[in-house]
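Protein chains: 2
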Amino acid sequence: MKVFIVDDHYMVVEGIRSLLQNEKNIEWLGHAMNAASCLAFLSQQQPDIILMDINLPDKSGIDLCKEVIEKYPSVAVIGLSTFNQQSFIQKMIDNGASGYVLKNATQEELCEAIDAVMAGKQYLSHAAAQMLRSNDTGERPILTRREIEVLALIAEGMTNNEIAQKLFISSTTVDTHRKNLLSKFAARNTATLIKMAVQLQFV
Amino acid sequence: MKVFIVDDHYMVVEGIRSLLQNEKNIEWLGHAMNAASCLAFLSQQQPDIILMDINLPDKSGIDLCKEVIEKYPSVAVIGLSTFNQQSFIQKMIDNGASGYVLKNATQEELCEAIDAVMAGKQYLSHAAAQMLRSNDTGERPILTRREIEVLALIAEGMTNNEIAQKLFISSTTVDTHRKNLLSKFAARNTATLIKMAVQLQFV
DNA sequence: TTAGCAATCCCTGGAAAAGAGGATATTTGG
DNA sequence: CCAAATATCCTCTTTTCCAGGGATTGCTAA
Chain A
0 MKVFIVDDHY MVVEGIRSLL QNEKNIEWLG HAMNAASCLA FLSQQQPDII LMDINLPDKS
60 GIDLCKEVIE KYPSVAVIGL STFNQQSFIQ KMIDNGASGY VLKNATQEEL CEAIDAVMAG
120 KQYLSHAAAQ MLRSNDTGER PILTRREIEV LALIAEGMTN NEIAQKLFIS STTVDTHRKN
180 LLSKFAARNT ATLIKMAVQL QFV
Chain B
0 MKVFIVDDHY MVVEGIRSLL QNEKNIEWLG HAMNAASCLA FLSQQQPDII LMDINLPDKS
60 GIDLCKEVIE KYPSVAVIGL STFNQQSFIQ KMIDNGASGY VLKNATQEEL CEAIDAVMAG
120 KQYLSHAAAQ MLRSNDTGER PILTRREIEV LALIAEGMTN NEIAQKLFIS STTVDTHRKN
180 LLSKFAARNT ATLIKMAVQL QFV
């Protein structure tokens, strides 16, 4: 089985390499530190499995996953991430990933995941699976591009009018985005909105 | 040099072990997955250097760092994290850490950090150092007890009137505290205030 | 002991945001 | 293609916030 990894954290790459190097039936094809070089690699050769971090410098792993699977349907993607944030896991699976492993997985878990995926099954880390079952909180609301933009400017301390000028839209539009943000975050006002946004790393 | 690592991500532990195993003058003492087992280990033997993640399941690495250095002053701590959030880095350094390395550091960087720290110097990852320099206003304003109380309630989304009722003070007093907070944080409005408060871990 | 700060209280007026409606293009996905 | 999502724009009322002031008490550190 040819395995390739996309992660911008050198230590994680080394960690996985070290975990997999003893496995006889696994061939290590190398790694990429970002989405661009991953795609460049894939145009040359295709692994059986890509272990893919969700956070990449140039593109989210969620988007990259989709792109890769569209172009190379024979490649299976296993999502990798530090946190088990339910919305990410769900989006990754929605975009065609065959599995999801948290970075605190053990060697056994990782090998199990690879075996399962190669056998055509779907694999979810124990914690990840639990997350998906308990559809409870911890969810990041799904924001549109514009909303993220507006949110960032609100956090910068700009008023609706200032944001409107900056984005070349009407201040009432900004206000609408603001209301939608409040509603998506279930926040009463700007204070809670920004608190949650920072905590969920939108800002 | 005896090196120990505290990180709940197996892959990171393996990665660092793999990066350091070729270094002749480094003795690998093992690892802990949480703060509790780290402290248990330290009661038995003390490494020269602890590589410590800032996100641990039972306690933040920032707090653990402080505790470890108080109890075992001979031990040097190097902070480890995925993101370069200046507030975390600053807190880690404030709590006595000798260095800070991002998880996308190369083998060279890591060894450089260990060498520097053993030589009694402070080491900051390039990106981390840049963060601290750029954000020279990274200092936490000094708040009074009451201000911290009010700040927390503002972050909860409460209005001046609600806070006044909760704290049994007049709403105009709350407003004064609020104004002092804005001034201490040099924030234009609630949005920036709360953003900074969360980033600087007041909330 | 005196200066400084924390915490409390008070006022006014204007700016901004929240809340509640509704409306219309333009993408985008199935 | 059509429905849904997204982005845009509008009015009106109420509430909250922001920016100026000024003032009293009590504690503490120089």
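Chains as they are written, first to last, in numbering that gives the first Met the number 0: chain A, 0 to 202; chain B, 0 to 202.
A virtual CB, placed ideally from N, CA and C, is assigned to each residue, including glycine.
Can you tell me the Cα-Cα spacing of D114 of chain B and A39 of chain A, whole angstroms? When rounded, the separation of the alpha-carbon atoms in D114 of chain B and A39 of chain A is 36 Å.
So, does the CB of G14 of chain B fall closer than 9 Å to a CB anywhere in chain A? Chain A, which has a Cβ nearer than 9 Å to the Cβ of G14 of chain B, makes this yes.
The beta strand (DSSP E) enclosing D52 of chain B, as first and last residue numbers: Its beta strand (DSSP E) spans residues I48 to D52.
Starting from R175 of chain B, find everything on chain A with Cβ-Cβ shorter than 7 Å and list it in chain order. The question names Arg, but residue 175 of chain B in the sequence shown is Thr. Within chain A, no residue comes near T175 of chain B; the closest Cβ sits about 17 Å away, beyond 7 Å.
When DSSP labels each residue in this structure, what does L180 of chain A get in the three-state scheme? It is helical.
Compare the C-beta of V11 of chain A with all C-beta atoms of chain B and state if any pair is closer than 9 Å. Yes, V11 of chain A counts as interfacial toward chain B.
If the cut-off is 8 Å on Cβ atoms, which residues from the stretch 140-155 of chain A count as contacting chain B, listed in chain order? Hits within the stretch, in order: I153, A154 and E155.
At a CB-CB cut-off below 9 Å, which residues of chain B make contact with A104 of chain A? Per Cβ cutoff of 9 Å: H8, Y9 and M10.
Using beta carbons (cut-off 9 Å, strictly below), is A186 of chain B in contact with chain A? Residue contact check for A186 of chain B against chain A: a CB pair falls below 9 Å.
Q44 of chain A classed as buried or exposed, judged by whether at least 16 other C-beta atoms fall within 10 angstroms: Classification for Q44 of chain A: exposed.
In chain B, what lies closer than 8 Å to S17 of chain A by C-beta? Under the 8 Å cutoff, chain B gives E13, G14, R16 and S17.
Just curious, the alpha helix (DSSP H) that K194 of chain B is in, first and last residue? T189 to Q198 is the span of the alpha helix (DSSP H), which, as asked, contains K194 of chain B.
Compare the beta carbon distance of A163 of chain B and A196 of chain B with 9 Å and say whether it is the shorter of the two. Not a contact, by the Cβ cut-off of 9 Å.
Who does I4 of chain A pair with in a DSSP beta bridge? In the DSSP assignment, I4 of chain A forms a beta bridge with A:H30 and A:L50.
Could you name the residues that DSSP lists as bridge partners for L123 of chain A? L123 of chain A pairs with A:Y99.
Kindly list the residues whose CB is nearer than 8 Å to the CB of D7 of chain B, restricted to its own chain and excluding five residues on each side of it in sequence; keep chain order. Annotation for D7 of chain B: M32, N33, D52, N54, L55 and P56 place their beta carbon closer than 8 Å to its own, counting only its chain and skipping 5 residues before and after.
Please return the same chain residues whose Cβ sits closer than 7 Å to the Cβ of E22 of chain B, not counting the five positions on each side in sequence. Answer for E22 of chain B: C110, listed in chain order.
Are the beta-carbon atoms of I4 of chain A and M117 of chain A separated by less than 9 Å? No, these two residues do not count as a Cβ contact at 9 Å.
Would the beta-carbon of G156 of chain B be found less than 8 Å away from any heavy atom of the ligand MN? Absence of the ligand MN is noted for the structure shown, with no ligands found whatsoever.
Delimiting residues of the alpha helix (DSSP H) encompassing L19 of chain A: First-last of the alpha helix (DSSP H) with L19 of chain A: Y9 to L19.
Beta-bridge pairing of I77 of chain A - partner residues as DSSP gives them: According to DSSP, I77 of chain A bridges with A:L50 and A:G98.
Which residues in the same chain have their Cβ closer than 7 Å to the Cβ of L18 of chain A, if we skip the five residues on either side of it in sequence? Only Q106 and L109 meet the Cβ criterion.
Please name the residue in B:A185, B:T189 and B:A112 whose C-alpha comes closest to that of I15 of chain B. With distances taken between Cα atoms, I15 of chain B lies closest to B:A112.
Find the nearest neighbour of H30 of chain A within the set A:V12, A:N24, A:Q20 and A:S42, judged by alpha-carbon distance. Ranked by how close their Cα comes to the Cα of H30 of chain A, the residues A:V12, A:N24, A:Q20 and A:S42 have A:V12 in first place.
Beta-carbon contacts of M157 of chain A that lie in its chain and below 8 Å, excluding the five residues immediately before and after: Excluding its 5 nearest sequence neighbours in each direction, M157 of chain A has C-beta neighbours in its own chain below 8 Å: K165, listed in chain order.
Cβ distance (whole Å) where L123 of chain B is taken to contact Y99 of chain B below 8 Å: Cβ-Cβ separation between L123 of chain B and Y99 of chain B: approximately 5 Å, consistent with a contact (criterion under 8 Å).
Buried or exposed, going by whether 16 or more other CB atoms sit within 10 Å of the CB of A185 of chain B? Its Cβ having fewer than 16 others within 10 Å, A185 of chain B is exposed.
Helix, strand or coil: how does DSSP classify D161 of chain A here? First, the residue type needs correcting, since residue 161 of chain A is Glu and not Asp in the sequence shown. Helix, per DSSP.
Locate the alpha helix (DSSP H) running through I147 of chain B, then write down its first and last residues. Note, I147 of chain B: alpha helix (DSSP H), R144 to A154.
If we count the other Cβ atoms within 10 Å of its Cβ and call it buried at 16 or more, is K90 of chain B buried or exposed? Counting Cβ neighbours within 10 Å, K90 of chain B comes out buried, since at least 16 surround it.
Using 9 Å as the limit for Cβ to Cβ distance, is A96 of chain B near chain A? Answer no: the Cβ-Cβ gap between A96 of chain B and chain A never drops below 9 Å.
Mapping the DSSP letters down to three states, classify S59 of chain B as helix, strand or coil. Three-state DSSP puts S59 of chain B in coil, outside helix and strand.
Count the other CB atoms, across all protein chains shown, that sit within 10 Å of the CB of R177 of chain A; report buried if there are 16 or more and exposed otherwise. Buried is the call here.
Between which two residues does the alpha helix (DSSP H) harbouring Q45 of chain A extend? For Q45 of chain A, no alpha helix (DSSP H) run applies, since DSSP gives it neither H nor E.
Is the CB-CB distance between L79 of chain B and L41 of chain B below 9 Å? Cβ distance not < 9 Å, so L79 of chain B and L41 of chain B don't count as in contact.
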